[in-house]
Every structure is written in structure tokens, then in C-alpha cells.
Amino acid sequence: MSPSLSGATRIHLIVGDPIVQVKAPAGLTAALAEAGCDAVCVPAHVAPADLRLWWQGVSRGQNLDSIIVTVPHKFASFELCATTSPRAAFLRAVNVARRNADGSWHGDMVDGLGYVRALQAKGCELRGLRTLLVGAGGAGTAIAHALLESGVAELALHDVDLVRRDALIARLGSLGLSQVRPGSADPRGFDLAINATPMGMKLGDPMPLESDHWVAGQWVGCVITEPVVPPMIAAARAAGCHTVTGADMFEQVRDRLLRFLRGESL
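Take 395 as the starting number for the sequence shown in the working numbering and just add one per residue.
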């Protein structure tokens, strides 16, 4: 079902830098149309230095209902929301914001919920798994939190920014759910290893995880949506691993975005 654009069409923006790789404009527009909404999702390429001014400007648009947030704006966008969910407040990051009654913004972070659901939909039982996660950015922070809430036995975190990594380890460790410790790019000894960085999106990027160490039967995940099968995922499949892609994640995140935009409980 295609949207029929008119002056009554509601607008949902997705902001990032870069933005060409995102699937939300087509995927969310189609989902909104299927739900009977006269609405479209439009990409916006905005540099970090311009985010606050851009956000303030588009907020004046009275037919703008939501702002969806992707790399690298998830932490900065938290500061632009008047209210947030408890989950976003703990993570201090948002990936979606909807209007409050007074026109201000209410944010939430559903990346982690979406990725965990994508794993479960593929048959990955998370409880008790030894888990390695690369990336302590917005998506990585949310996925780490959701993994702990899903009952993994251990979570090792790796990020080239050691200050950011250690701050996230300390914050997640305060939950007292499972062991959270520093990790590396070596996936040996883990049941599940996930790349939550943009590394692998560009031709010639190094592998975010040491892909010559995959073992058949391991679970391997990646958040990248373009290319659909990043080199790391291709290497994992060749080694006989189970895989979950960024496209798998997007399907689940999209459903939770729609529920959030309707004001439903997540």
C-alpha cells in the first residue's frame, strides 16, 4: 500500500550522519501506510555540530510527529528531549522521539529491544550465554542493556574508546544482573558475538571482530543494514555460524517504533 501525499500528510524524520544506509524511510513509510496512517518517513542528513539548531528548527513544523535518530546522534538527542522513558534515562540515549501535548519531545531507545527480539526470532535462547559486544555507542549501549535484561550469563564489552567503554561497564554493572567486563575483538570462547559499530559498512573496512576465529554453531550478529550481508556476517556464515543481520534488527525495531508512535507500552 503506497502513501497518498497531500497537505494533510504527517511527517516523520530520520536524522543521521551518514544517512544513505538507513532502511527506515521506505520501511516505516510502508508500515505506516499498512496501519492506515497518512504519513511518510523522510531522511535528514545533519552533521553533529548542526544537530541542535536543526532540531530546534524542524520542531516548529506542526505536521512533524516524530524524529527517529541514528548514528551518531543518539546521545546528543537525549539532551533535546523534555521527557524520556526510564530506559532512555538510564542509557542517556534515544533513537526515537514523539511529541508531548505541549509540543516538546518524549524520547525512548528501542534498538536493544529490537535486536534482542531479532535474536529470539532466529531461535537464539539468550539466557545463560557468554556474550561479546563490540561498540559502546548509542546502539551498543542499548543492546548491552537489553542483553543483560534477557539473562545472558556474561557480557564482555569492547570499544576503541576506553573511557566510553569503562563508563558503560560501570553503569551496567550497577544493575547487578550479570558479570560485565572488558572484552576484545577476539570472539573465541563466546556463544554470541555482536558488532554494534558502523565498521564494515565501507569497502575496505577492517573486520570489527576477528573473523578467522569463528566456530560452527556460534551466534554472530551485526547492526549494519547496508550492505545487507557485511563481510563479517559472510565470514561467519561460511564458518557455519548462526547469524542475525542489521536488516533482521530493523524489522523488529520498526515494529517497536510504530508502537511507540502510537503511545503503546513496549
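Positions of the beta carbon are idealized from the N, C-alpha and C atoms, including for glycine.
Since I believe residue j is in contact with residue i (beta carbons under 8 angstroms), could you give me their beta-carbon distance rounded to a whole number of angstroms?
i, j, result
"LEU551", "ILE563", "6 angstroms"
"ARG511", "ASP459", "The Cβ separation is near 24 angstroms, so there is no contact."
"VAL465", "PRO592", "6 angstroms"
"VAL490", "PHE654", "6 angstroms"
"LYS516", "VAL638", "5 angstroms"
"ARG524", "PHE584", "5 angstroms"
Could you tell me the alpha carbon to alpha carbon distance between residue i and residue j, rounded to whole angstroms?
i, j, result
"ARG493", "GLY598", "41 angstroms"
"ALA533", "LEU485", "10 angstroms"
"HIS406", "VAL622", "24 angstroms"
"LEU542", "SER471", "24 angstroms"
"ASP496", "HIS539", "31 angstroms"
"ALA630", "SER605", "7 angstroms"
"LYS468", "MET643", "17 angstroms"
"VAL528", "ALA633", "20 angstroms"
"GLY522", "GLN612", "14 angstroms"
"GLY430", "VAL609", "46 angstroms"
"PRO576", "GLY421", "36 angstroms"
"LYS417", "VAL554", "27 angstroms"
Quick one: is residue i buried, meaning 16 or more other Cβ sit within 10 Å of its Cβ, or exposed?
i, result
"THR477", "exposed"
"GLY401", "exposed"
"ALA530", "buried"
"GLY501", "buried"
"PRO442", "exposed"
"LEU426", "buried"
Who are the near neighbours of residue i in its chain, counting only those whose CB is closer than 6 angstroms to its CB and skipping five residues on each side?
i, result
"ALA587", "LEU526, PRO581, LEU603, VAL614"
"ALA641", "THR619, VAL622"
"GLU645", "none"
Which stretch, first to last residue, makes up the beta strand (DSSP E) that contains residue i?
i, result
"LEU569", "Element bounds for LEU569: n/a, residue is neither H nor E."
"PRO419", "No beta strand (DSSP E) holds PRO419; the alpha helix (DSSP H) holding it covers 418-428."
"GLY410", "404-410"
"SER659", "Unbroken run through SER659: none, as it is neither H nor E."
"ALA491", "490-493"
Quick one: is residue i near chain D, going by C-beta distance under 8 angstroms?
i, result
"HIS500", "As a matter of chain content, chain D is missing from the structure shown, which is built from one protein chain."
Ignore the nearest five residues each way along the sequence and tell me which others in residue i's own chain have a CB closer than 7 angstroms to its CB.
i, result
"ARG650", "VAL504, LEU507, GLY508, LEU660"
Looking only at its own chain, which residues have a Cβ that is under 8 angstroms from the Cβ of residue i, when we skip the five neighbours before and after it?
i, result
"HIS607", "ASP580, PRO581, ARG582"
"GLY451", "none"
"GLY594", "MET601, PRO602, CYS616, ILE618, PRO624, PRO625, MET626"
"SER498", "CYS475, ALA476, THR477"
"VAL436", "ILE405, HIS406, LEU407, ILE408, PRO419"
The alpha helix (DSSP H) spanning residue i covers which residue range?
i, result
"GLY451", "445-452"
"GLY506", "505-515"
"PRO625", "625-632"
"GLU645", "640-655"
"GLU543", "532-543"
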